[in-house]
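Q:
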Amino acid sequence: MRKGIVLKVEDDRVTVLTPQGEFVRVRKTRGDYEIGGEILLEPSSIAVLPEKTVFRRTLAFGWLRQKRALTAAALALFLVIASFSLPRGSQEVYAYVSVDINPSLELAVDERLRVIEIHPYDEEGERVLAALPVWQKRPLREVAEHLVEVSEQQGYLQRGREMLITMTFMADQEENGESRLQEEVETTIQEVAAEEELILTAVHNSKEQHEEARRLGISPGRYAVAVAAKEQGIALSLAEIEGKSISELAREVGGIGRLFAVKRPDRKDEDEHGNGPQAGQERNAERDKRLPEKPQGEKDVSQRGKKTQKNTDAPEKKAQTGQLPPASKGEPALNHGKSGGKTRGDDEKREGKWREGREKGPANKRTGKDDDVRDDERERKQKADRDEKADREKKNGGKEYGGDKTP
Amino acid sequence: MLKRFLGKRLRTFAEEKEEIEQQVFRIQKGDEELRNRLITEYQPFICKVVSKVCKRYIDPSQDDEFSIGLLAFDEAIQSFAPGKGSSFLSFADLVIRRRVIDFVRKETRQRVSLTLDERGEEEERTESEAEIAASLHRYELDREAEHRREEILHFEERLREFGIAFAELPEQTPKHADARENALSIARLVATDQNLKKAFLQTKKLPIKELVKKVHVSRKTVERNRKYIVAMSLILIEDYVYLREYLSPAFGEKKGGNGK
Numbered sequence: 213m214r215k216g217i218v219l220k221v222e223d224d225r226v227t228v229l230t231p232q233g234e235f236v237r238v239r240k241t242r243g244d245y246e247i248g249g250e251i252l253l254e255p256s257s258i259a260v261l262p263e264k265t266v267f268r269r270t271l272a273f274g275w276l277r278q279k280r281a282l283t284a285a286a287l288a289l290f291l292v293i294a295s296f297s298l299p300r301g302s303q304e305v306y307a308y309v310s311v312d313i314n315p316s317l318e319l320a321v322d323e324r325l326r327v328i329e330i331h332p333y334d335e336e337g338e339r340v341l342a343a344l345p346v347w348q349k350r351p352l353r354e355v356a357e358h359l360v361e362v363s364e365q366q367g368y369l370q371r372g373r374e375m376l377i378t379m380t381f382m383a384d385q386e387e388n389g390e391s392r393l394q395e396e397v398e399t400t401i402q403e404v405a406a407e408e409e410l411i412l413t414a415v416h417n418s419k420e421q422h423e424e425a426r427r428l429g430i431s432p433g434r435y436a437v438a439v440a441a442k443e444q445g446i447a448l449s450l451a452e453i454e455g456k457s458i459s460e461l462a463r464e465v466g467g468i469g470r471l472f473a474v475k476r477p478d479r480k481d482e483d484e485h486g487n488g489p490q491a492g493q494e495r496n497a498e499r500d501k502r503l504p505e506k507p508q509g510e511k512d513v514s515q516r517g518k519k520t521q522k523n524t525d526a527p528e529k530k531a532q533t534g535q536l537p538p539a540s541k542g543e544p545a546l547n548h549g550k551s552g553g554k555t556r557g558d559d560e561k562r563e564g565k566w567r568e569g570r571e572k573g574p575a576n577k578r579t580g581k582d583d584d585v586r587d588d589e590r591e592r593k594q595k596a597d598r599d600e601k602a603d604r605e606k607k608n609g610g611k612e613y614g615g616d617k618t619p
Numbered sequence: 052m053l054k055r056f057l058g059k060r061l062r063t064f065a066e067e068k069e070e071i072e073q074q075v076f077r078i079q080k081g082d083e084e085l086r087n088r089l090i091t092e093y094q095p096f097i098c099k100v101v102s103k104v105c106k107r108y109i110d111p112s113q114d115d116e117f118s119i120g121l122l123a124f125d126e127a128i129q130s131f132a133p134g135k136g137s138s139f140l141s142f143a144d145l146v147i148r149r150r151v152i153d154f155v156r157k158e159t160r161q162r163v164s165l166t167l168d169e170r171g172e173e174e175e176r177t178e179s180e181a182e183i184a185a186s187l188h189r190y191e192l193d194r195e196a197e198h199r200r201e202e203i204l205h206f207e208e209r210l211r212e213f214g215i216a217f218a219e220l221p222e223q224t225p226k227h228a229d230a231r232e233n234a235l236s237i238a239r240l241v242a243t244d245q246n247l248k249k250a251f252l253q254t255k256k257l258p259i260k261e262l263v264k265k266v267h268v269s270r271k272t273v274e275r276n277r278k279y280i281v282a283m284s285l286i287l288i289e290d291y292v293y294l295r296e297y298l299s300p301a302f303g304e305k306k307g308g309n310g311k
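Top line first, the protein sequences correspond to chains S and R.
Letter by letter, the first sequence follows residues 213 to 619 of the working numbering.
Letter by letter, the second sequence follows residues 52 to 311 of the working numbering.
1) Tell me the rounded alpha-carbon separation between R/E289 and S/T230.
2) Restricting to Cα atoms, I'd like to know which of S/Y306, S/H331, S/S316 and S/I401 is closest to S/S363.
3) Exposed or buried, R/R211, counting other C-beta atoms within 10 Å across all chains shown (16 or more means buried)?
4) What span of residues does the alpha helix (DSSP H) with R/P221 cover, start to end?
5) Return helix, strand or coil for S/G337, following the three-state DSSP convention.
6) Tell me where the alpha helix (DSSP H) around R/A127 begins and ends.
7) The alpha helix (DSSP H) with S/K442 in it runs from where to where?
8) Exposed or buried, what is R/I215 when buried is set at 16 or more other beta-carbons lying within 10 Å of its beta-carbon?
9) Using 8 angstroms as the threshold, is the region 260–274 of chain R in touch with the region 190–202 of chain R, meaning 3 or more CB pairs across them?
10) Nearest-angstrom Cα distance between S/A414 and S/V340?
11) Between S/G249 and R/A301, is the Cβ-Cβ spacing less than 8 angstroms?
12) Grab me the residues of R/C105's own chain with a C-beta within less than 6 angstroms of its C-beta, minus the 5 sequence neighbours each way, in chain order.
13) So which residues on chain R does S/F381 lean against when the C-beta distance must stay under 9 angstroms?
14) Does R/H227 have its Cβ less than 8 angstroms from a Cβ in chain C?
15) Could you name the residues of chain R that S/T227 contacts, counting a contact when the two beta carbons are closer than 8 angstroms?
16) Can you list, in chain order, the residues of its chain whose CB lies under 6 angstroms from that of S/K518, leaving out five sequence neighbours each side?
17) Nearest to S/E421 by CA position, among S/Q366, S/E403 and S/S310, is which residue?
18) Chain R beta carbons: is any one of them nearer than 8 angstroms to that of S/R237?
19) In angstroms with no decimal places, state the Cα-to-Cα distance between R/A127 and R/T272.
20) Are the CB atoms of R/E207 and R/F217 within a distance shorter than 8 angstroms?
21) So which of R/L145, R/V151, R/Q74 and R/E232 has the shortest CA-CA distance to R/E92?
22) Below 7 angstroms on C-beta distance, what does R/L298 contact in chain S?
23) From R/R150 to S/A405, what distance separates their C-alpha atoms?
24) Residues of chain S with a CB under 8 angstroms from the CB of R/R275: which are they?
25) Say whether chain S places a C-beta atom closer than 8 angstroms to the C-beta of R/T254.
26) Quick check on this structure: which residue in S/T400, S/D224 and S/P432 has the alpha carbon closest to the alpha carbon of S/P332?
27) Is there a Cβ of chain R sitting closer than 8 angstroms to that of S/P345, yes or no?
28) Assign R/T254 to one of three DSSP states: helix, strand, or coil.
29) Can you check whether the CB of R/K248 is closer than 8 angstroms to the CB of R/A242?
30) How would you list, in chain order, the residues of chain S whose beta-carbon sits under 7 angstroms from the beta-carbon of R/R199?
31) By the 10 Å Cβ neighbour count, where 16 or more other Cβ atoms means buried, how is R/Y108 classified, buried or exposed?
32) Please name the residue in S/E398, S/M375, S/Y368 and S/E374 whose C-alpha comes closest to that of S/L352.
33) Let me see if you follow: with CB-CB separation under 8 angstroms, is S/E407 close to chain R or not?
34) Buried or exposed: S/F290, going by 16 or more other Cβ atoms within 10 Å of its Cβ?
35) Helix, strand or coil: which one does DSSP assign to S/T241?
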């Protein structure tokens, strides 16, 4: 068991220094701690959430410290009063910011951009959440930074460093005052990403899409990837979307940034002309034309946001009418959105196969006996290659437009 | 105007500080008169430190502890060297604490053995060798703990000067053994590199710009664990004999073996 020497004794916890040079906060399990004395660190006593101390510090209730019962009572009373007197609105979710690194988490922020809720979408997310320092009511920027730090410490952020941010604003886009706040959310996220040297892709999401993703139990970010991938004719099953890390997904589709970048400029074209066989090419052409004139400012992002948001409804329509982008012909259709419910069984089957393939390792996966999987893979690869080539021909190489790359 | 005024003030402080060290070195070379002057001059300081250890008011004219403090201060003057502690006063503070603790412990033990004698000799005789050894061992452990305690209290004061509280450090500790090792090596550098150390102690801030130039880490990494690095650097700079011994797994072996 680990040991440590007592540095400081507070009324409910003890700060300890281990021989390995770690400072650890431990819950008090007995009464007689002496500074300088050595104690055993039982895993159960290690306090993960330091919220209580922080709370006390901020409220400057230090003078009540000795009288614990009194403090507790005063705090309780204060909380009761506070919960009544606070304006109701401050507790309302203003926006959801979903973060997919490998761990997927969703932060709910109020209109003052303080985090009021965190919802993990997978096991990794839960682990990250557990290790996160106080986040309740903390500013989005701070929590986002911690989030990246913790993911890094837990080893999720080493390779690729792709990060996908999906923002869903609960308020109506049309309200003027709101757009400023949205920009603020966006710049906050971008600044954090820049500081942490991440490849960031930021996507906007409609309320409907957000709900749909929730219903399916996958993170809004992954859902958006699926939608965008499908639009480009890259078929990804729900299981694949769910099972892979964002970096893996990115590799699969040739860069998440690209996915959304390609999709963005032609939104209107798509709505107006539908999907001709050459649509994919046109899109690239469109993008290349626009690319140089568009600096990656905040303005742009917010515009992109609006466009993307409308856009994201499109695939659902398509799914209903049975229209599919050209390259996906013959491939199993992506199941998501409104058609997701009907073909779920299919998905689950494929998920099983896919896992089988994965267990055998990448080499086996390609040459495995499972034809479906193999065909899937090959076609996706070809498609990716084709797209890449087209990109290169248009002289814009693999530049990721949507991904805000930091040097 | 204000700035200039403050600047002057700061400079005089710095000079004064330099001077103590210079004076100490002069005494070491044999300036007896200066030695007496310095000890008298710093009596209030000695008194303060002693009463901190004893946790009661110390009357210089009556308490034995104070004379122990005087002796310790003299010892500090003789044994001070540039590598020991961040400043002479900080070093002297630690030496005084150490000596006073030892004195107080010895006193109390004598008192206990006296009462034992009174109770009867047979009882004492029955104590086996092993028991004696065990109690001696315990005594030694207690002594270490008590010395660590004083060092920790000193450490806490120093940290406060750097604007850091113990309670903040658990959050700032790198969780991974590798990351921690990384931060420790930065602290080691701060403690050993003369220029970095000087800047660190004078500004009470990590010289991040210079650090990044010397180590291959990003500014972000240093900033993220800033408080942790400050704390560890202080442990390495100050003359914390017992604390450092306790932390030898962290500081000693550089690679491997010290993970959880």
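Just so it is clear, CB atoms sit at the ideal spot from N, CA and C, and this is done for glycine as well.
A: For this structure:
1) Rounded to the nearest angstrom, the two C-alpha atoms are 19 angstroms apart.
2) Residue S/S316 is the option with its Cα nearest to S/S363.
3) Label assigned to R/R211: exposed.
4) From DSSP, the alpha helix (DSSP H) with R/P221 extends over L220 to Q223.
5) Three-state result, S/G337: helix.
6) Taken as a continuous stretch (DSSP letters only), the alpha helix (DSSP H) holding R/A127 covers D115 to S130.
7) Start and end: P432 to E443.
8) R/I215 counts as buried, since at least 16 other C-beta atoms from the protein chains shown sit within 10 angstroms of its C-beta.
9) With the cut-off at 8 angstroms, the region 260–274 of chain R and the region 190–202 of chain R do not touch.
10) When rounded, the distance between both Cα atoms is 21 angstroms.
11) Result no, Cβ atoms of S/G249 and R/A301 do not sit closer than 8 angstroms.
12) Only E116 meet the Cβ criterion.
13) One finds nothing in chain R with a Cβ atom closer than 9 angstroms to the Cβ of S/F381; even the nearest lies about 30 angstroms away.
14) In the displayed structure, chain C is absent; the protein chains listed are S and R.
15) Here the neighbours are F217, A218, L220 and P221.
16) Reliability of the predicted coordinates at S/K518 is poor, the pLDDT of 39 falling under 50, and no value is obtained from them.
17) Checking the displayed sequence, the identity of residue 421 of chain S turns out to be Gln instead of Glu. When only C-alpha atoms are compared, the closest one is S/S310.
18) The C-beta of S/R237 comes closer than 8 angstroms to at least one C-beta of chain R.
19) Rounded to whole angstroms, R/A127 to R/T272 spans 38 angstroms at the Cα level.
20) Cβ atoms of R/F217 and R/E207: closer than 8 angstroms.
21) Considering only alpha carbons, the answer is R/Q74.
22) Under the 7 angstroms cutoff, chain S gives P231 and G233.
23) Approximately 53 angstroms, taken between the alpha carbons.
24) In chain order: E361.
25) Against chain S, the CB of R/T254 has no partner CB under 8 angstroms away; the residue lies outside that interface.
26) Cα-wise, what sits closest to S/P332 is S/P432.
27) At least one chain R Cβ lies under 8 angstroms of S/P345.
28) Shown here, R/T254 sits in a helix according to DSSP, grouped into three states.
29) With respect to R/K248, R/A242 sits close: the two C-beta atoms are nearer than 8 angstroms.
30) Those within 7 angstroms of R/R199 in chain S are I217 and G248.
31) So R/Y108 counts as exposed.
32) Cα-wise, what sits closest to S/L352 is S/E398.
33) Closer than 8 angstroms: yes.
34) By the 16-neighbour rule on beta-carbons within 10 angstroms, S/F290 is exposed.
35) In the three-state scheme derived from DSSP, where H, G and I count as helix and E and B as strand, S/T241 is classed as coil.
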